[in-house]
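Asks: One structure coming up, written as structure tokens, with questions to follow.
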Amino acid sequence: MLRTIPNNTHASWMPRTDVDFLKGMTANGRYMGQPQVNAVTINGVLRVSCAVKGDNNDFELMQEFYPSTTKTAVCEKYTLTNKGQKKEVVLVPATCQVRTTNRENGTRGSYRLVARTAFDEDLKVTLEPGESTSFYCSIQAYALADEKEKTLNAEEELTKREAFVDEVTLGRLHFHCPDNTITELFEMSKIRASESIFYTQGDLMHAPGGESYYAAMWCNDQAEYVNPFFPFLGYDKGNESAMTTWLSYLKYINPEYKFVPWSIICGGDDVFGPFDRGDAAMLAYGASRYCLERGDKEIAQQVWPLIEWCLEYCHRKLDKNGVVASDADELEHRLPSGDANLCTSSLYYDALLSSAWLSEELERNKKEAATYRQQAAELRQALDKFFHATVEGYDTYRYYEGNDVLRSWICIPLTMGIYDRAEGTLKAMFSPQLWTENGMLSQSGDKIFWDRSTLYGFRGAFAAGYADKALEYLKKFSNIRLLGEHVPYVVEAWPEGGQRHLSAESGLYCRIITEGLLGFRLTGFRSFTLTPQMPTEWSDYSLGPIFACTDKPMDIEVSRNGKGKLLVKIRKGGKAFKTFTIKPGETVKI
248 MLRTIPNNTH ASWMPRTDVD FLKGMTANGR YMGQPQVNAV TINGVLRVSC AVKGDNNDFE
308 LMQEFYPSTT KTAVCEKYTL TNKGQKKEVV LVPATCQVRT TNRENGTRGS YRLVARTAFD
368 EDLKVTLEPG ESTSFYCSIQ AYALADEKEK TLNAEEELTK REAFVDEVTL GRLHFHCPDN
428 TITELFEMSK IRASESIFYT QGDLMHAPGG ESYYAAMWCN DQAEYVNPFF PFLGYDKGNE
488 SAMTTWLSYL KYINPEYKFV PWSIICGGDD VFGPFDRGDA AMLAYGASRY CLERGDKEIA
548 QQVWPLIEWC LEYCHRKLDK NGVVASDADE LEHRLPSGDA NLCTSSLYYD ALLSSAWLSE
608 ELERNKKEAA TYRQQAAELR QALDKFFHAT VEGYDTYRYY EGNDVLRSWI CIPLTMGIYD
668 RAEGTLKAMF SPQLWTENGM LSQSGDKIFW DRSTLYGFRG AFAAGYADKA LEYLKKFSNI
728 RLLGEHVPYV VEAWPEGGQR HLSAESGLYC RIITEGLLGF RLTGFRSFTL TPQMPTEWSD
788 YSLGPIFACT DKPMDIEVSR NGKGKLLVKI RKGGKAFKTF TIKPGETVKI
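Numbering (this note's numbering), first residue to last: 248 to 837.
As structure tokens, then:
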């Protein structure tokens with residue numbers, strides 16, 4: 248990757264160019280008019296359909312924009328169709344623009360940006376009525392000291408990009424339900440969650456992106472949010488990038504139990520994190536779930552030392568109230584979080600449960616699993632005792648001691664199977680104090696929102712059995728994110744970052760379905776529980792193929808089977824595997 252100086256979190260070289268490859272295009276020697284946009288579509292490739300005026304005829308222009316899957320380049324394909332009754336001679340000027348940076352500004356010296364047409368001389372073509380022609384352009388970057396400009400076949404690059412999109416959509420974890428908007432946003436989320444993976448000197452790294460965060464990974468974005476999603480999807484590069492996270496963080500565990508960094512940056516060459524955000528709890532939560540989902544003993548043994556250290560770190564951070572102390576949470580003091588916050592303790596609680604199952608799968612000391620379960624039981628009691636409160640009239644949780652306004656993260660216990668305060672918490676989440684068309688405000692009385700807590704909230708609402716309420720608001724939220732003014736993915740935050748489409752949040756959208764609606768909870772390498780919910784207005788839904796906790800891909804179908812009953816069918820490797828008739832919200836063991 249091309250990094251700038253100073254080489255910090257935001258130091259990826261991100262040049263902008265205003266090159267216009269259509270400038271100067273003529274028909275019969277006359278300049279063609281400005282393209283008038285008719286339609287824009289995006290599905291891994293951005294396509295813009297336009298109308299253009301020629302000399303005597305109208306033309307249809309299709310513009311396609313897409314990144315290379317393996318090179319530091321973006322490609323453009325233009326297809327021009329003569330829609331008139333007369334032939335016209337079209338000329339497209341050859342273009343080559345070059346920019347070279349100062350060598351002292353790059354970690355690898357000078358960088359070069361080249362924007363060029365695929366042809367070195369002007370393209371001249373005669374189009375009869377109804378005929379089309381396509382031409383290609385590209386913008387690529389490279390380091391002058393050790394690289395050369397690469398020859399690009401833009402049509403091959405388009406084929407590779409479309410193959411990637413097909414791999415993560417058509418062939419993996421396809422969700423079908425009666426709501427087309429939710430189905431489509433789920434598919435788009437798989438693309439966004441999977442595409443932000445880059446080769447670095449630290450191997451494959453998943454990164455948030457958003458024109459800000461590259462060649463870097465975080466304890467929340469990668470370890471907690473998206474890594475536990477990749478085994479469900481079964482995407483090899485996603486799983487490989489997750490392993491980069493775990494093995495990279497292994498280097499920072501220490502016998503003094505000093506907190507680990509928030510993020511590993513600069514492709515693995517540096518770290519950042521001046522205080523404890525509860526990162527050990529995030530790592531333990533994500534890594535223990537991931538290892539169970541992968542169902543691979545060798546992988547789990549590699550990651551276990553990280554999990555074990557993080558659990559011990561959290562245990563040592565228990566305060567006099569029996570909850571986990573930390574300097575902050577993932578918002579890093581943007582909002583108050585006290586000396587101990589609800590998120591950190593909730594993540595640690597779930598990590599203890601997952602780690603107990605994982606310890607058993609690894610055939611470790613039997614007392615270890617029992618100890619983790621006992622610690623989880625004690626933490627659950629302490630969590631309820633310390634955080635349970637009436638806040639703004641709702642029987643829910645305070646986020647920290649002294650907190651007297653509703654916070655969006657009151658939803659997180661619901662995603663960990665803690666439903667003691669579910670009713671009051673759901674009322675608070677969807678109350679006028681917190682809810683907006685953009686999901687929950689981060690705290691009542693403020694204007695900021697971060698999608699991550701809203702996405703956790705939907706998952707928790709479904710898991711807790713409030714399927715109708717969850718669906719009511721999920722439909723509205725999904726419509727805004729897919730079809731609104733800032734599309735087509737869930738976002739990071741507002742006003743900070745201007746609603747950047749960070750990648751890991753899209754993994755959280757998908758987990759609404761896997762862990763929320765379907766209630767998929769791993770309990771071993773080849774065992775899990777399902778607690779399916781069914782909204783009143785739906786008759787059925789399906790998800791598959793699923794690659795978590797199985798040696799062969801699974802498909803799960805849930806449908807109504809008479810009044811108050813659900814029929815759950817599981818196919819494994821394309822063959823019938825298990826069938827259950829249950830009540831909505833009833834748990835089955837597989």
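Ideal Cβ positions, reconstructed from N, Cα and C, are used throughout, including at glycine.
Note that the structure is a prediction, hence the values are computed from the model and not measured.
To the nearest angstrom, how far is it from the Cα of T264 to the Cα of K816?
Replies: The residue given as residue 264 occupies position 17 in the sequence shown. The residue given as residue 816 occupies position 569 in the sequence shown. Whole-angstrom Cα-Cα distance: 52 Å.
Asks: Judging by CA-CA distance, which residue of L558, Y460, L673 and V337 is the nearest neighbour of R620?
Replies: Working through the sequence shown from its first residue, we reach residue 620 at position 373. Checking every option, the nearest Cα to that of R620 belongs to L558.
Asks: Three-state secondary structure (DSSP) at V415?
Replies: As a first step, residue 415 is located in the sequence shown; it is residue number 168 there, counting from the start. It is helical.
Asks: Taking the CB atoms as reference points, tell me whether P660 and S593 lie closer together than 7 Å.
Replies: Locating residue 660 in the sequence shown gives position 413, counting from the first residue. Locating residue 593 in the sequence shown gives position 346, counting from the first residue. Yes, they are a contact pair.
Asks: By Cβ distance below 6 Å, which residues in the same chain neighbour T672 in space, the five residues on each side in sequence not counted?
Replies: Residue mapping note: residue 672 aligns to position 425 of the sequence shown, counting from 1. Around T672: T643 and I657.
Asks: In this structure, how does DSSP classify R668 when only helix, strand and coil are distinguished?
Replies: Working through the sequence shown from its first residue, we reach residue 668 at position 421. Here R668 sits in coil by DSSP.
Asks: Got a sec? Which residues, its chain only, sit under 6 Å from L688 by beta carbon, not counting five neighbours each side?
Replies: If you number the sequence shown from 1, residue 688 lands on position 441. Correct list, in chain order: L681 and F696.
Asks: Spell out the partners DSSP gives L308 in its beta bridges.
Replies: If you number the sequence shown from 1, residue 308 lands on position 61. Answer is C297 and L327, bridged to L308.
Asks: Opposite M452 in the DSSP bridges: which residues?
Replies: Taking the first residue of the sequence shown as 1, we reach residue 452 at position 205. Note: M452 sits in a beta bridge opposite F445.
Asks: When we look at the beta-carbon of P282 and count the other beta-carbons within 10 Å, is it buried (16 or more) or exposed?
Replies: Residue numbering aside, residue 282 sits at position 35 when the sequence shown is read from its first letter. When all chains shown are included, P282 counts as buried.
Asks: Can you tell me whether Q332 is helix, strand or coil according to DSSP?
Replies: Locating residue 332 in the sequence shown gives position 85, counting from the first residue. Correct three-state label for Q332: coil.
Asks: According to DSSP, simplified to helix, strand and coil, what is H562?
Replies: Indexing the sequence shown from 1 puts residue 562 at position 315. Residue state, collapsed to three classes: helix.
Asks: Determine the DSSP secondary structure at V550, reduced to helix, strand or coil.
Replies: Position 303 of the sequence shown, counted from the first residue, corresponds to residue 550. Looking at V550 - three-state DSSP - the assignment turns out to be helix.
Asks: Looking only at its chain, what residues have a beta carbon closer than 6 Å to the beta carbon of V518, apart from the 5 residues adjacent to it on each side?
Replies: The sequence position of residue 518 within the sequence shown is 271, counting from 1. P508 and I511, listed in sequence order.
Asks: Quick one: Cα of G291 to Cα of G457, how far?
Replies: Along the sequence shown, one-based indexing puts residue 291 at 44. Along the sequence shown, one-based indexing puts residue 457 at 210. Near 16 Å, if we compare the C-alpha coordinates of G457 and G291.
Asks: If G754 sits next to F476, beta carbons under 8 Å apart, how far is it from one beta carbon to the other, in whole angstroms?
Replies: Here residue 754 refers to the residue found at position 507 of the sequence shown. Here residue 476 refers to the residue found at position 229 of the sequence shown. Indeed, because the Cβ distance is near 4 Å, the residues count as touching under 8 Å.
Asks: Using a Cβ-Cβ cut-off of 7 Å (strictly less than) and excluding sequence neighbours within five positions of H635, which residues of its own chain qualify?
Replies: What you label residue 635 is simply residue 388 of the sequence shown in a count that begins at 1. Counting only Cβ-Cβ distances below 7 Å, and skipping sequence neighbours, we find Y644 and R668.
Asks: State the beta-bridge partners of F741 as determined by DSSP.
Replies: Mapped onto the sequence shown, residue 741 falls at position 494. A small fix is needed here, since residue 741 is Trp in this sequence, not Phe. W741 is bridged to F696.
Asks: Between the alpha carbons of R536 and T770, how many angstroms are there, rounded?
Replies: As a first step, residue 536 is located in the sequence shown; it is residue number 289 there, counting from the start. As a first step, residue 770 is located in the sequence shown; it is residue number 523 there, counting from the start. Cα to Cα, R536 sits roughly 9 Å from T770.
Asks: What residue from A454, Y736 and S725 has the CA that sits closest to H257's CA?
Replies: For the purposes of this step, residue 257 is taken as the residue at position 10 of the sequence shown. Of the listed residues, the one whose Cα sits closest to H257 is A454.
Asks: What residues are listed by DSSP as bridge partners for M687?
Replies: Position 440 of the sequence shown holds residue 687. DSSP, once it has assigned bridges, lists W682 as partnering M687.
Asks: Looking at C590: is its Cβ nearer than 7 Å to the Cβ of D576?
Replies: Sequence index remark: in the sequence shown, residue 590 carries index 343 (1-based). Sequence index remark: in the sequence shown, residue 576 carries index 329 (1-based). Yes. Within cutoff.
Asks: In the structure shown, what three-state DSSP assignment does A470 receive?
Replies: Residue numbering aside, residue 470 sits at position 223 when the sequence shown is read from its first letter. Residue state, collapsed to three classes: helix.
Asks: May I ask you to report which of helix, strand or coil DSSP gives I803?
Replies: Translated into positions along the sequence shown, residue 803 becomes position 556. I803: strand per DSSP, three-state reduction.
Asks: On a Cα-Cα basis, can you pick out the residue from T416, I759, A462 and G449 that is closest to M435?
Replies: Here residue 435 is taken as the residue at index 188 of the sequence shown, counted from 1. It is T416 whose Cα lies nearest to the Cα of M435.
Asks: Quick one: what's H423 bridged to in DSSP?
Replies: Here residue 423 refers to the residue found at position 176 of the sequence shown. Partner(s): S789.
Asks: Take A616 and list the residues in its own chain whose beta-carbon comes closer than 7 Å to its own, dropping the five residues that flank it on each side.
Replies: Within the sequence shown, the letter at position 369 stands for residue 616. Within the same chain, A616 has close Cβ partners A603, S606 and E607.
Asks: Hey, could you find the ends of the beta strand (DSSP E) Y499 is sitting in?
Replies: The count along the sequence shown starts at 1 and reaches residue 499 at position 252. Per DSSP, Y499 belongs to no beta strand (DSSP E) and is neither H nor E.
Asks: Give the DSSP-derived three-state secondary structure of W509 in the structure shown.
Replies: Stepping through the sequence shown from its first residue, residue 509 is reached at position 262. Of the three classes helix, strand and coil, the one that applies to W509 here is coil, per DSSP.
Asks: Use the C-beta contact count for Q429: other C-beta atoms within 10 angstroms, 16 or more gives buried, fewer gives exposed.
Replies: As a working note, residue 429 is residue 182 in the sequence shown. In the sequence on display, residue 429 carries Ile and not Gln. Classification for I429: buried.
Asks: What residues in its chain sit with their C-beta under 6 Å from that of Q344, if we drop five residues either side in the sequence?
Replies: On the sequence shown, residue 344 is found 97 positions in, with the first residue counted as 1. Correct list, in chain order: V266 and A362.
Asks: Going by DSSP, what residues sit across from H257 in a beta bridge?
Replies: Counted from its first residue, the sequence shown places residue 257 at position 10. Answer is none; H257 lacks a bridge partner.
Asks: Shortest alpha-carbon distance to Y482 belongs to which of M464, S459, D468 and L451?
Replies: Sequence index remark: in the sequence shown, residue 482 carries index 235 (1-based). The shortest Cα separation from Y482 among M464, S459, D468 and L451 belongs to L451.
Asks: Could you tell me the distance, in whole angstroms, from the CA atom of I665 to the CA atom of C322?
Replies: Locating residue 665 in the sequence shown gives position 418, counting from the first residue. Locating residue 322 in the sequence shown gives position 75, counting from the first residue. One C-alpha to the other measures close to 48 Å.
Asks: What does a CB cutoff of less than 6 Å around M309 pick up in its chain, not counting 5 residues either side in sequence?
Replies: Here the question's residue 309 lines up with position 62 in the sequence shown. Excluding sequence neighbours, M309 sits near S296 and T326.
Asks: With DSSP as the reference, label K816 as helix, strand or coil.
Replies: Reading the sequence shown from its first residue, position 569 is the one you call residue 816. DSSP places K816 in strand when its eight states are reduced to three.
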